[in-house]
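**Q** My questions all concern the structure below.
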DNA sequence: GATAAAGTTAGGTGGTATCTAAATTTAAAC
DNA sequence: GTTTAAATTTAGATACCACCTAACTTTATC
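Residue numbers (the numbering used here), protein chains in the order written: chain Y, 9 to 144; chain W, 9 to 144.
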């Protein structure tokens, strides 16, 4: 459904905008993603076309319910993986965060198994909350 | 360096050809990869262009030293991940194999950490040998 | 040698991610 | 209120990737 790039953008936006409550504009998004503003805008349009964001030109984006669900799920995946890398493998939090990003292709059911095996941890290495596990 | 598809082809070829010693032709490769022979041939050419295979038209492929190293590494990654999913998370071997394939984007250093944390297991769930860990 | 199977090549399609250049809108300064 | 700077958007181009079909070539078999 989502390409890898789209997922990366959506996760970033979710973290900033829905969890931290900080608005993020196209230029700032582009800077974080390491691309030009035009590129970021195009990805926003694509995410909107897939029904995950509402995109009003010049006014910014807001999450649709589906987008919120998807973003929450991506963030949960990321944090469970971080927890694994840090708590079990002994990575430092920074490494854990970086490496977790390269594992986001893990399926939801795998992450659920992982969550169970780790005893349903409630926070990631930096103390941010890990959401609810589907299998609980 | 390698695209995801190229890595998938190389891993398959390595397993069949270098580990099991069974030659695999273009048509058979294509069938396994779920594509047409022309597509498989194109990927072989790309792997050759990247210096991992020697490709002699109509005569088949053989691994270069670099290709062998790369293939061995991919196979080790796969088996360590399988071991994790099966031995720690309780997946059945079939699921472990499938899910491991979706995690091959993991970095070598991460897989090394994982290997260490798992006590340097010597075989994957189906009993095949896991190669040497760089950090040992 | 004829033929079937395997393999190859050329050329085309569709999708993704990126860019530049040019327009537009917004917001802030005067 | 106008001007101006910054943010944003759009259009159009490029490059790469993975796949395909169609047509050709080689190899091996009878």
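The beta carbon of each residue, even a glycine, is placed where N, CA and C say it ideally should be. Quick caveat, the model's predicted, so the values are computed rather than measured.
Just mark residue 121 of chain W as buried or exposed, buried being the case when its beta carbon has 16 or more other beta carbons within 10 Å.
**A** Position 113 of the second chain, counted from the start, is the residue given in the question as residue 121 of chain W. Flag for residue 121 of chain W reads buried.
**Q** Examine chain W for any beta-carbon lying closer than 8 angstroms to the beta-carbon of residue 119 of chain Y, and answer yes or no.
**A** The residue given as residue 119 of chain Y occupies position 111 in the first chain. Closer than 8 angstroms: no.
**Q** Tell me which residue opens and which closes the beta strand (DSSP E) that residue 62 of chain Y is part of.
**A** Counting from 1 along the first chain, the entry for residue 62 of chain Y is found at position 54. First-last of the beta strand (DSSP E) with residue 62 of chain Y: 61-64.
**Q** Assuming residue 111 of chain Y and residue 104 of chain Y are in contact, meaning their beta carbons sit under 8 angstroms apart, how far apart are those beta carbons, in whole angstroms?
**A** Here residue 111 of chain Y is taken as the residue at index 103 of the first chain, counted from 1. Here residue 104 of chain Y is taken as the residue at index 96 of the first chain, counted from 1. Contact doesn't hold; Cβ gap of about 10 angstroms is too wide.
**Q** Applying the criterion that 16 or more other CB atoms from any shown protein chain within 10 Å of the CB defines a buried residue, is residue 73 of chain Y buried or exposed?
**A** Here residue 73 of chain Y is taken as the residue at index 65 of the first chain, counted from 1. It is exposed - the Cβ of residue 73 of chain Y has fewer than 16 other Cβ atoms within 10 Å.
**Q** Using a Cβ cut-off of 7 angstroms, pull out every chain Y residue sitting near residue 130 of chain W, in sequence order please.
**A** Mapped onto the second chain, residue 130 of chain W falls at position 122. Chain Y residues near residue 130 of chain W: none, gap ~19 angstroms exceeds 7 angstroms.
**Q** Exposed or buried, which one is residue 114 of chain W when buried takes at least 16 other CB atoms within 10 Å?
**A** Counted from its first residue, the second chain places residue 114 of chain W at position 106. Residue 114 of chain W should be labelled buried.
**Q** Three Cβ pairs or more, each shorter than 8 angstroms: is that satisfied between the region 73-83 of chain Y and the region 48-65 of chain Y?
**A** They touch, by the three-pair rule.
**Q** Count the C-beta pairs between the region 77-90 of chain Y and the region 131-144 of chain Y that are closer than 8 angstroms, then say yes if the count reaches three, no if not.
**A** Yes: the two stretches touch, three or more of their Cβ pairs being nearer than 8 angstroms.
**Q** Could you work out which residues of chain Y lie near residue 82 of chain W, taking near to mean beta carbons separated by less than 8 angstroms?
**A** Reading the second chain from its first residue, position 74 is the one you call residue 82 of chain W. Those do not exist, as residue 82 of chain W stays about 15 angstroms from chain Y at its closest Cβ, beyond 8 angstroms.
**Q** Excluding five sequence neighbours on each side, which residues of the same chain lie with their C-beta closer than 6 angstroms to the C-beta of residue 107 of chain Y?
**A** What you label residue 107 of chain Y is simply residue 99 of the first chain in a count that begins at 1. Once the five neighbours on either side are set aside, the close Cβ partners of residue 107 of chain Y are 93.
**Q** Throw me the rounded Cβ distance for the residue 52 of chain Y and residue 35 of chain Y pair, which I believe falls under 8 angstroms.
**A** The count along the first chain starts at 1 and reaches residue 52 of chain Y at position 44. The count along the first chain starts at 1 and reaches residue 35 of chain Y at position 27. Between residue 35 of chain Y and residue 52 of chain Y the Cβ distance is about 12 angstroms, and since that is not below 8 angstroms, they are no contact.
**Q** Pull up the distance between the alpha-carbon of residue 13 of chain Y and that of residue 116 of chain Y, whole angstroms please.
**A** The residue you call residue 13 of chain Y lines up with position 5 of the first chain. The residue you call residue 116 of chain Y lines up with position 108 of the first chain. Spanning the two alpha carbons is a distance of roughly 18 angstroms.
**Q** Return no unless some Cβ of chain Y is closer than 8 angstroms to the Cβ of residue 99 of chain W.
**A** Start at 1 with the first residue of the second chain, and residue 99 of chain W comes out as number 91. So yes, residue 99 of chain W belongs to the interface.
**Q** So the candidates are W:84, W:42, W:10; which of them puts its Cα closest to the Cα of residue 23 of chain W?
**A** Here residue 23 of chain W refers to the residue found at position 15 of the second chain. Closest by alpha carbon: W:84.
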